[in-house]
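A.B. asks: Residue numbers for the sequence shown follow the numbering used here, beginning at 3 and rising by one.
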Amino acid sequence: DLLLYLDRIADPGNLGTIIRTAVWFNVDKIILSPLCVDPFNTKVIRASAGSIFRMGILQSIEPELLSRFAKKNNYRTIAAVPEGGTPVHQWKRSKKDIILLGQEAGGLSRDIIKYADESISIPGKGRVESLNLAVAAAIILYELSKG
Numbered sequence: 003d004l005l006l007y008l009d010r011i012a013d014p015g016n017l018g019t020i021i022r023t024a025v026w027f028n029v030d031k032i033i034l035s036p037l038c039v040d041p042f043n044t045k046v047i048r049a050s051a052g053s054i055f056r057m058g059i060l061q062s063i064e065p066e067l068l069s070r071f072a073k074k075n076n077y078r079t080i081a082a083v084p085e086g087g088t089p090v091h092q093w094k095r096s097k098k099d100i101i102l103l104g105q106e107a108g109g110l111s112r113d114i115i116k117y118a119d120e121s122i123s124i125p126g127k128g129r130v131e132s133l134n135l136a137v138a139a140a141i142i143l144y145e146l147s148k149g
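#1: Jot down the residue ranges of each uninterrupted beta strand (DSSP E) in the stretch 92 to 142, minimum 3 residues, whole runs only, in chain order.
#2: Decide if Ser-62 is buried, meaning its Cβ has at least 16 other Cβ atoms within 10 Å, or exposed.
#3: Output yes or no for whether 8 angstroms exceeds the beta carbon distance between Leu-8 and Ile-20.
#4: When burial is assigned at 16 or more other CB atoms within 10 Å of the CB, is Asp-99 buried or exposed?
#5: Given that a residue counts as buried once 16 or more other Cβ atoms are within 10 Å of its Cβ, and exposed if not, what is Val-130?
#6: Going by DSSP, which residues form a beta bridge with Thr-79?
#7: Which same chain residues, not among the five before or five after Pro-36, have their C-beta less than 6 angstroms away from its C-beta?
#8: State the Cα-Cα distance for the pair Arg-48 and Pro-84, rounded to the nearest angstrom.
#9: Under the three-state reduction of DSSP, which class applies to Gly-8: helix, strand or coil?
#10: What ranges does the beta strand (DSSP E) occupy inside the stretch 26 to 62, keeping only unbroken runs of at least 3 residues that lie completely in it?
#11: Taking C-beta to C-beta, are Ile-80 and Asp-40 nearer than 8 angstroms?
#12: Since Gly-58 and Lys-31 should fall inside the 8 angstroms C-beta cutoff, what is the C-beta to C-beta distance between them, to a whole number of angstroms?
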């Protein structure tokens with residue numbers, strides 16, 4: 003199983019694009035933290051190109067509840083961080099993973115990072131500070147799809 007937990011995503015275009023990408027890469031479910039944009043916002047639906055109707059989405063799930071669910075059901079929680087994590091192309095999936103992705107402006111909140119079992123990063127050559135969230139999600143899901 004592969005789940006995505008999205009922390010405080012504000013941009014409807016990013017959420018829709020992530021949903022579409024998640025459907026493409028066979029993510030099982032998307033879990034949204036409180037303060038995420040409404041997944042049924044018309045801009046989200048448009049950006050998802052209708053993929054939202056092919057994806058199970060849970061809304062307003064607090065980090066602590068996610069952590070309890072992960073432990074009870076033997077999921078590993080993996081925080082996507084800008085730097086300092088295992089390079090995503092070197093990281094190995096388990097049978098049950100939850101990838102944690104944070105908001106566009108500030109990344110993952112401390113409240114969710116403290117529950118992560120591991121962290122991953124996308125190495126870059128870097129003339130910019132960071133990648134767009136939907137682009138980062140696509141790169142991570144592509145790398146995980148390779149095996």
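Think of the CB as a built atom: it goes at the ideal place given N, C-alpha and C, for glycine as much as any other residue.
C.D. replies: Let me spell this out:
#1: 99 to 104 and 120 to 123
#2: For the purposes of this step, residue 62 is taken as the residue at position 60 of the sequence shown. The residue is exposed, with fewer than 16 neighbouring Cβ atoms inside 10 Å.
#3: As a working note, residue 8 is residue 6 in the sequence shown. As a working note, residue 20 is residue 18 in the sequence shown. For Leu-8 and Ile-20, yes; Cβs fall inside 8 angstroms.
#4: As a position in the sequence shown, residue 99 is number 97, starting the count at 1. By the 10 Å Cβ count, Asp-99 comes out buried.
#5: The residue you call residue 130 lines up with position 128 of the sequence shown. Val-130 comes out exposed.
#6: To locate residue 79, count along the sequence shown from 1; it is residue 77. Beta-bridge pairing links Thr-79 to Ile-100.
#7: Here residue 36 refers to the residue found at position 34 of the sequence shown. Around Pro-36: Ser-62.
#8: In the sequence shown, residue 48 corresponds to position 46, counting from 1. In the sequence shown, residue 84 corresponds to position 82, counting from 1. Each residue's Cα considered, the two are about 28 angstroms apart.
#9: Taking the first residue of the sequence shown as 1, we reach residue 8 at position 6. Going by the sequence as given, residue 8 is Leu instead of Gly. It is a strand residue.
#10: 31 to 34 and 58 to 60
#11: Sequence index remark: in the sequence shown, residue 80 carries index 78 (1-based). Sequence index remark: in the sequence shown, residue 40 carries index 38 (1-based). Result no, Cβ atoms of Ile-80 and Asp-40 do not sit closer than 8 angstroms.
#12: As a working note, residue 58 is residue 56 in the sequence shown. As a working note, residue 31 is residue 29 in the sequence shown. Yes, they are in contact, since the Cβ atoms of Gly-58 and Lys-31 sit about 4 angstroms apart, within 8 angstroms.
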